[in-house]
Structure formats: C-alpha cells, structure tokens
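Structure first, then comments.
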Amino acid sequence: MAKQLNLFSGKVITTSLHTEMQQSYLEYAMSVIVGRALPDVRDGLKPVHRRIMYAMHELGLTPDRPYRKCARVVGDVLGKYHPHGDQSVYDALVRLVQEFSSRYPLLAGHGNFGSVDNDPPAAMRYTETRLASIGYEGLLSQVGEATVNFISNFDNSQQEPTVLPAQLPFLLLNGSSGIAVGMATNIPPHNLGEVVDGLIALIDHPELSDQQLMELIPAPDFPTGGEIVSTEGIAEAYTQGKGSIVVRGIAKVEEVPTAQKRRTKTAIVVTELPFQVNKASWIEKIAGLVNAGKLDGISDIRDESDREGIRVVIELKREATPEVVLHHLYQQTELMTKFGAIFLAIVNGQPRQLSLKQILQEFLTFREQTLTRQYRHELEVAERRCHLVEGLLIALENLDNVIEILRNAPDGSTAKLTLEDQLGFSDDQSDAILSMPMRRLTGLERQKLQDEFTQLTTQIQQLQRLLNERPELLKSLKKELRSLKRKYGDERRTRIISPKGQVTLESEDKTSKKSPEKVLELSASADLLQPLPPIDEETVVEVTHRGYIRRVSPKTNDSKRNQSETATAINIEETDDFTTQTYNTRTRQNLVMIMRTGKAYPLSVADIPMGSNRSKGKPIITLLSPSASKDISVNLQDLIIAQFLLSAFPDKTDLITLTQQGKIKRLPLTELAELTNRGSTIVKLKEDDELCFATLSKPDEKVVLATSGGRILRFDINDEQLPPMGKVAQGSQATRLRQKEHLVGCVTLSPKGSLLLVTEQGYIKRISMEHIRSSNRGGIGISMLNFKSPNDSLVGIAPAKPHKQVHLLTSENRIVHIPTDEIHLSPKDSTGDRLFKLKPDEKITSIKP
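Basically the numbering used here = 1-based index in the sequence shown + 4.
And the structure:
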C-alpha cells in the first residue's frame, strides 16, 4: 500500500465551515465591489476604464496623434494592468467611444463601434481609437506621481495610478452603471455646463441647499435626448441618492407621403428615444403588439434613421386618433420608460450611496487635494531651479574669483570644495557652476539667466500664495472650471416637462393584461391625450441681428443687462451677430414674428430652446411653420423684420406697417390675438412690393417716416390721418418719394421724445420731436439734415431712449455701440456729429435700437 502524503506539515487551524464561507464571500464581494463593478467618486471610472485610459496615455494616443488599432490598446491593457478577458476590455473600450452611451465620450473612434440598434461593433483588429480631447485634458493631462498615488500592477512589473487627476466630475457627466455583489449603481449622465455651475456655486456657498443646487442642475441630460416627464423622482434621487425618473421619447404628428406619393397619410414620427432603449427591439415590440391586436390604429412602421439621427415613421390608419395611439405607445412600449437612478460609488475604499451635493463635495475635496499636490511639486521644481540660477548669477558676479579658484585647483573635487568654502555655494550650486559652459559668460547669456531668475521668483511667489491662501486656490479652481465649460460645454439635449396631471408608467405585466379598450378608457380620464403644457416659469428671450433666438435664465440676463446699462463709452467690435432684443417673459407666452411677406406667425416661448453664453441659439425661421419661408427670394435672416411679445401690450395698441413702395397701414393689435401656426396676413402686398417696417404705437404717439434724402415726415395717429384697417387692406400712401430716394425708417414717438438720424458716412444726429413740424399723411416732409458730402445719405432712424444704446452696423462687419446719452441734441439745419472713425471705404449699413 502506498504511503499517504502528509499535506498538513504545519499547524492545522480548526474553523467552522459557515465562518470560513462568510469571510471568504465577504472578501470576494468587496473585491468585486471595489476592484471591478463600482466607479470611484473622484474620477468617475471603474478600474478597467481607468486602466484603458492610462494605457492609451502611455502609448501616446493623444488627440493630435493618429488613431491606433484597438487590438493594440487591448493588448497593452491586458499585458500590463488588467489580466482578464480581452472581450471584456474591448467592450469597456467601445462604450467609452459610443456617443449614444456616453454624454461626453472619453475616446474617439474610427470604424464601426455599434449603434442604438444594439448592432455589435467590428472586431478589435478593424477598429481604431485614440483619446478624445475632453478625456485627455480632463483626466490625463496632469497625471503623474506628483498629483496622484501609484501602486504596482498585478506582477509588480509596472506602476499604475490608483485614481486619475480628474478636472471634472465624470461620475456625473457620463454616469455609470454596474452590478456588484449585493448592490448596484445606475448614475445618469448630466450636462457639463450645469454641473460646472453647481460646482462653482458650492465653492462660493458651501452651505448651499439641495433645492438651490437643483435650480442649477435641474435634471439629468441623456446623450440620446428625450424628455423627462416628472421631476419628483429627480428630487428623490438628488437628495436621497435613489429615485425613479420617467423619460420618454420625442414624437410629433406629421403628414407623410404614401408609397405612390399621390396623397399623404397621418403618421407619428419619433426622432428621439429614451436612454439605453434598443431601437430595433422597440420597433419589433410595436410590430408584435399590432399583430397581436393589442395596439390599434397603426398601418405601417418603417425606420428612416440615418447618420443624421433617428427617424421612425409610424403610419396611422385613417380612422385613428394620433394622440390616442401615441398614448398607447407610451404605455405599452419603451417609448416611455423609467430610469432607476442609484447614486452609489466608492468613497475612501468603501461603497456609499450619495446625494448630488455629496458627490460634488467629494469631487471638490479631491480636486483641491490634487491641485495642492501639483502646486507643491511645481513649487519644489521652481525653488530647485531658482537656487541653481541664483548660484550661477553669483558666480558671474564673482567671475574673477571663480576663475582663480578653478585655475589653481588640482582637480574638480578640490575646486568644488573651495567654491563652497570661500564663496558659500551649496553642493548643487557648485555642481552647476562646474558644469556651466563658457558661452554663459557672454552678456546675452547673463541677461537670459537674470530673466529666468526674475520669472522663477514671480512663479514661486504665485505658487506660495496658492498654497498658503485657500481662497486663492479656490479662485484658481473656479477659473479652471470656467475654462473647461467654455471649451467643452454644450446645450442640454434632454427636455424637462412638468405636466398638470401625474404621469404614471404601468409595469409591463399590468399593461399586458389590459385590453386596448381599457387602456383607452384610462387615457381618456387623464391629461395624456393632449400635448403636455409647458411649465409656466420666468425666462428671458434674446433675439440677435442675424435672426437667431434663444432662451436664457433671468440670472444670466441680469448680469448682461447690468453691464449694458452701465456702458457709458462708444464701443466698436468686429462680430457677425449681436443681441438686438431682450424679452423678460414666461414660458406660456407667445412672440409674434412679422415677416417681409406681409404675414405674422406666432412662436411659443416654450418652444425656444435654452442656450448658454457660448451658443448663438437657433434660427427663428426653423422654429416657425414651414410656410413662413416658402417661395422667398431674400435671405432667411432678413425675412423677419420685427417681433414683439403679444401679452406685453394693452388692447389699445396698434401695429403700424410700412411697405417698400410707401404704403402705410394701421392695424389694431387685437387682430393678432388668435394667430395659428399657419400664420395670418396683416397687409396685402402687390407683386413687386414687400413689407419693410413694422412698429407698435401707443395712444398719443406720432408716426415719423424718413427717406434716404434726409426728409422727415411726422403726422398724428388718428382716424383721420391713419384710420384702422383690416388684415387684407393694402394701406394708404404715406409720402411722395423723389427720384433715387427710398424709405429708410418708420418709428413711433411721444411728442416729447427725440429722434436719432444716422448717415452712410457715419454722421449721427439727435433732434427733438418739437423741432419736427407736424404734417399730413401723403406730404413730402421737411429736410432735417444737411449732408457733409453730396455722396452721403440717410440710412436709418431710431428713437433716442435715455440710458440705452444704439447699434450701428458697417459694411466691414463691425458693430458700433453708442450710448444715447453721448449724443447731444442738435439744431434742425446741422450735419450732426461724427463720434467714431470709419475705415477707408467703410460705410454704415443700418441702425438697430
């Protein structure tokens, strides 16, 4: 019989099975939690993502370098830092590239990286990648032992960072999802600009409440857009770290051509889907419901999506009601879904469920520590170099003694000791002097050393101030955050909608048990059959000279207005666009757009997209009915000649219009109260005529017209001079024009107001209304301007409002901002003043109040 092996040569420790299982399982669980499944609150990355980013940094795959095969990157990650399956590493890399998975992708890709249809990416041997700009600058630009800690890799052959020196909270920007042992995380992505605003607010006011923080970061911002229906779940998630957010896709009703293109059919067109919804599976689910008889009213479904975006067309039967079908789609498919947010992350090596404020505070603490380490390292380097440069300068000042010591020294060691003993140099300074080349003795090299010493001294003082004064460090942090916001911030993609009634999302089990009739019954009792009304909140609308429009928060506008109102000097800038109109209003109000075609269109304030300081907004014409820009020969930016807020004026207000051929008309503003999206004709035009000016008039105001020849005509607004007319009337002749003369302006002013006149050659004149004689409509007016040159002409007029500015546009794309208080009243026969200098051949083209 073979001799039995003694496997337990040492001491045997007796332990119970359940204790060993419990301890081993806990160790395994913590290993999965910390080392694999959950992100770190500091840089927002899981270990595999962190290792991918760092391996690419070591490979030199910066945004300005060529793409490299993903197989090479995966190989480096596996061989150096992450000894797991290659497919798991490649899958993690792919998600860092996909724009529909990450709000701000950290990697840039070249090749097929999958799609929203859950199509698999190409094999790693075909695809290429490199670091994206935001990934390199925001995570890796400051990486090193001076900023973060490093540990050995799995075989002690390499060093890897325990965390990357993130300059932005990527845990919130890109979100994260992962399932660990006994816990899970699901953090939604957010908008960079909003998160930066929240960080700066927390720096300035650490005691900021959750509610105040939610005003700056109102909701997640998903990369695929969509709209958030209810904000209750957001409040729970932001304050308690866990909540359910209802998200639905963007759908609209359109008339689409049939296959024969002889007629049109009503269809629901879906252009955006909720985050992480598989488009192909969603379409398949709709088809299955239709075939099973659980979803009525749909005749055809086709996917017209392309590289420009998603477009799924759901054609309806003739008898179907679009709102009812859309409601069924929300209830029975993933067109409306719940995002279960769980803000769980690793904090100091332990998993913690955090609120929004706690995540931002943890990031700020980490960033402050990182900056302190970086500045301390920079200070040490600067002090070391400054010490050496100082020694070289002292040596140059005592050059004869240094040369004498070197000449008499038998060897380098003796010379070094003599320098230290006789001239008081340190060990490092002596080495620097002995290794100093002879060219450093020239005057130019001496000056370079002196300049370097001055620069280093200044740098050391700045670094010491940053390290010793925390407010200065925080100021530097805020400056860094604002810079990143300007560079990488963008507009919000996900809309936020707060309905009147509570929107509920039935579970799939409950929905599948209900018949279509019962679902229709429920929807009829809710408010979901009608489009959800916008939140009636305060907002500011800004319109630009080039015809762009955007909404901004009232706080942002207040700061701009204060700067504008305090401007007291003439300012000239070179720019293509600038804000001409600002409206303080509410989201349920309407703007009225007056077109050159003689029609008026409404624009709901709620439909105007929110914009940032960096965005120029959206072209107004793209937000109006398609018929607004139909068959127009002029540029779209010149199509809109005026706009106003309908609710801002009383019922007695009139709209005064003036055409190119001089037809003037008075239309009561009440005629525009029932505008529809199709628009309404406000003046009937001849074929060769177009609307040039439109202005609103209050009671007791006067109409003032101006011609290019400098003639001004003023007359009263009453039933005799300018009787009110209907929408389809052409109007009456306003004035008689001379040869080669045209109308340049039409404004309304009070009898005690004043008027600005601007000429092509840059002369500007301000006259009182009392000096303009009142005439009758149809007259020729009176000359109010003596031109300096016979080639000069009047280009425009504007009311002179106190404490405001007028903007003059030039032919060189320059804008001259002039405070009206700088323009003094002039007599009737004067030429006006030239308050600024034009370039050669530059002319004034128009004036904007």
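All residues carry an ideal CB built from backbone N, CA and C; glycine is no exception.
Alpha carbon of D704 to alpha carbon of I302, nearest angstrom
Working through the sequence shown from its first residue, we reach residue 704 at position 700. Working through the sequence shown from its first residue, we reach residue 302 at position 298. Looking at the two C-alpha atoms, the distance is approximately 59 Å.
Which same chain residues end up closer than 6 Å to L478 when comparing Cβ atoms and leaving out the 5 residues on each side of it in sequence?
The residue labelled residue 478 in the question sits at position 474 within the sequence shown. If we look at L478 and ignore the five residues flanking it on each side, its Cβ neighbours are I207.
Quick check on this structure: which residue in V751, L753, T752, R770 has the alpha carbon closest to the alpha carbon of L760?
As a working mapping, residue 760 is identified with position 756 in the sequence shown. That would be R770, whose Cα lies nearest to the Cα of L760.
Determine the extent of the alpha helix (DSSP H) in which E408 is found, giving its start and end residues.
In the sequence shown, counting from the first residue as 1, residue 408 sits at position 404. First-last of the alpha helix (DSSP H) with E408: 403–412.
Among K843, Q454, I822, A96, the one whose alpha carbon lies nearest that of I851:
Position 847 of the sequence shown, counted from the first residue, corresponds to residue 851. Among K843, Q454, I822, A96, the Cα nearest to that of I851 belongs to I822.
From which residue to which residue does the beta strand (DSSP E) around D658 run?
The residue you call residue 658 lines up with position 654 of the sequence shown. Taken as a continuous stretch (DSSP letters only), the beta strand (DSSP E) holding D658 covers 658–663.
Do V281 and E231 have their C-beta atoms within less than 8 Å of each other?
What you label residue 281 is simply residue 277 of the sequence shown in a count that begins at 1. What you label residue 231 is simply residue 227 of the sequence shown in a count that begins at 1. The answer is no: Cβ separation not under 8 Å.
Do three or more CB pairs link the segment 79–95 to the segment 145–153 at distances below 8 Å?
Touching, no.
Closest Cα partner of L789 within the set S772, P475, G714:
Here residue 789 refers to the residue found at position 785 of the sequence shown. If we check each option's Cα against that of L789, G714 comes out closest.
V16: buried (16+ other C-beta within 10 angstroms of its C-beta) or exposed?
Locating residue 16 in the sequence shown gives position 12, counting from the first residue. Classification of V16: exposed, given that the 10 Å Cβ count is below 16.
Pick from V93, M187, Y71: whose alpha carbon is nearest that of V81?
Here the question's residue 81 lines up with position 77 in the sequence shown. Cα-wise, what sits closest to V81 is V93.
Residues sharing a beta bridge with P606, DSSP
If you number the sequence shown from 1, residue 606 lands on position 602. V596.
Where does P261 land, buried or exposed, given buried means 16+ other C-beta within 10 angstroms?
The sequence position of residue 261 within the sequence shown is 257, counting from 1. Exposed: under 16 other Cβ atoms inside 10 Å.
Pairs of beta-carbons, one from the segment 407–425 and one from the segment 452–470, closer than 8 Å: are there three or more?
no
Cβ of P803 versus every heavy atom of the ligand FAD: is any distance shorter than 7 Å?
The ligand FAD is not part of the structure shown, which contains no ligands of any sort.
Since A59 is in the beta strand (DSSP E), which residue starts that stretch and which ends it?
Position 55 of the sequence shown, counted from the start, is the residue given in the question as residue 59. Per DSSP, A59 is not a residue of any beta strand (DSSP E); the alpha helix (DSSP H) it occupies stretches across 51–63.
Whether V147 touches L172 by CB criterion (8 Å):
Walking along the sequence shown from the start, residue 147 turns up at place 143. Walking along the sequence shown from the start, residue 172 turns up at place 168. Going by C-beta atoms, V147 is not nearer than 8 Å to L172.
Find the nearest neighbour of P926 within the set S181, L143, V185, E259, judged by alpha-carbon distance.
Here the chain has residues from 5 to 853 only, and residue 926 is not among them.
State the DSSP-derived secondary structure class of D845, mapped to helix, strand or coil.
Here the question's residue 845 lines up with position 841 in the sequence shown. Three-state result, D845: coil.
Classify V45 as buried or exposed, calling it buried when 16 or more other Cβ atoms lie within 10 Å of its own Cβ.
In the sequence shown, residue 45 corresponds to position 41, counting from 1. Label assigned to V45: buried.
Can you find the residues in the same chain that come closer than 8 Å, C-beta to C-beta, to T243, ignoring five residues on each side of it along the sequence?
Residue 243 sits at position 239 when you count from the first residue of the sequence shown. Counting only Cβ-Cβ distances below 8 Å, and skipping sequence neighbours, we find D214, S359, L360.
Nonlocal neighbours in the same chain, by C-beta distance under 7 Å from F840, ignoring five residues either side:
Mapped onto the sequence shown, residue 840 falls at position 836. These residues qualify, in order along the chain: I574, I576, G766, V820.
Beta bridge counterpart(s) of K256 as assigned by DSSP
The count along the sequence shown starts at 1 and reaches residue 256 at position 252. BP columns for K256 point to V273.
Please work out which residues of its chain come closer than 8 Å, Cβ to Cβ, to L220, disregarding the five sequence neighbours upstream and downstream, and give them in chain order.
Reading the sequence shown from its first residue, position 216 is the one you call residue 220. Correct list, in chain order: E198, D201, G202, A205.
Around the Cβ of R311, are there at least 16 other Cβ atoms within 10 angstroms (buried) or fewer (exposed)?
Within the sequence shown, residue 311 is the residue found at index 307, counting from 1. Exposed, since its Cβ has fewer than 16 Cβ neighbours within 10 Å.
By how many angstroms is the C-alpha of A271 removed from the C-alpha of K504?
Start at 1 with the first residue of the sequence shown, and residue 504 comes out as number 500. Start at 1 with the first residue of the sequence shown, and residue 271 comes out as number 267. For K504, the predicted structure reports a pLDDT of 37, less than 50, and the residue's modelled location is therefore unreliable. A value from the coordinates is still provided. C-alpha separation (whole angstroms): 26 Å.
Leaving out five residues before and five after K620 in sequence, what residues of the same chain have Cβ atoms less than 6 Å from its Cβ?
Taking the first residue of the sequence shown as position 1, residue 620 is located at position 616. Hits under 6 Å: Y552.
Pull the bridge partners of D304 from the DSSP assignment, please.
Working through the sequence shown from its first residue, we reach residue 304 at position 300. Answer is E319.
What's the C-alpha gap between L532 and F279?
To locate residue 532, count along the sequence shown from 1; it is residue 528. To locate residue 279, count along the sequence shown from 1; it is residue 275. With a pLDDT of 36 at L532, under the threshold of 50, the modelled position of that residue is not reliable, and the figure given next carries that caveat. As the crow flies, the alpha-carbon of L532 is around 21 Å from that of F279.
Taking the Cβ atom as the reference point for each residue, do A345 and L175 lie within a distance shorter than 8 Å?
By one-based count along the sequence shown, residue 345 stands at place 341. By one-based count along the sequence shown, residue 175 stands at place 171. Contact: no.
Exposure of K522, with buried meaning 16 or more beta-carbon neighbours within 10 Å:
The count along the sequence shown starts at 1 and reaches residue 522 at position 518. Confidence in K522 is poor, its pLDDT being 30 and thus under 50, which makes the residue's placement unreliable; the coordinate value appears in the next sentence. Around the Cβ of K522, a 10 Å sphere holds fewer than 16 other Cβ atoms; the residue is exposed.
Taking all protein chains shown into account, decide if G48 is buried (16 or more other Cβ within 10 angstroms of its Cβ) or exposed.
Within the sequence shown, the letter at position 44 stands for residue 48. It counts as buried.
Under the three-state DSSP convention, the category D225 falls into
If you number the sequence shown from 1, residue 225 lands on position 221. If DSSP states are grouped into helix, strand and coil, D225 belongs with coil.
Count Cβ pairs between the segment 694–711 and the segment 658–671 that sit closer than 8 Å; are there 3 or more?
yes
Quick one: residues in its chain with C-beta nearer than 8 Å to the C-beta of D837, no 5 flanking neighbours on either side, listed in chain order?
Here the question's residue 837 lines up with position 833 in the sequence shown. The residues are Y767, I768, K769, I827, H828, S830.
Straight-line gap, D693 to S487 (C-alpha atoms, nearest Å):
Along the sequence shown, one-based indexing puts residue 693 at 689. Along the sequence shown, one-based indexing puts residue 487 at 483. In a straight line, the C-alpha of D693 is about 50 Å away from that of S487.
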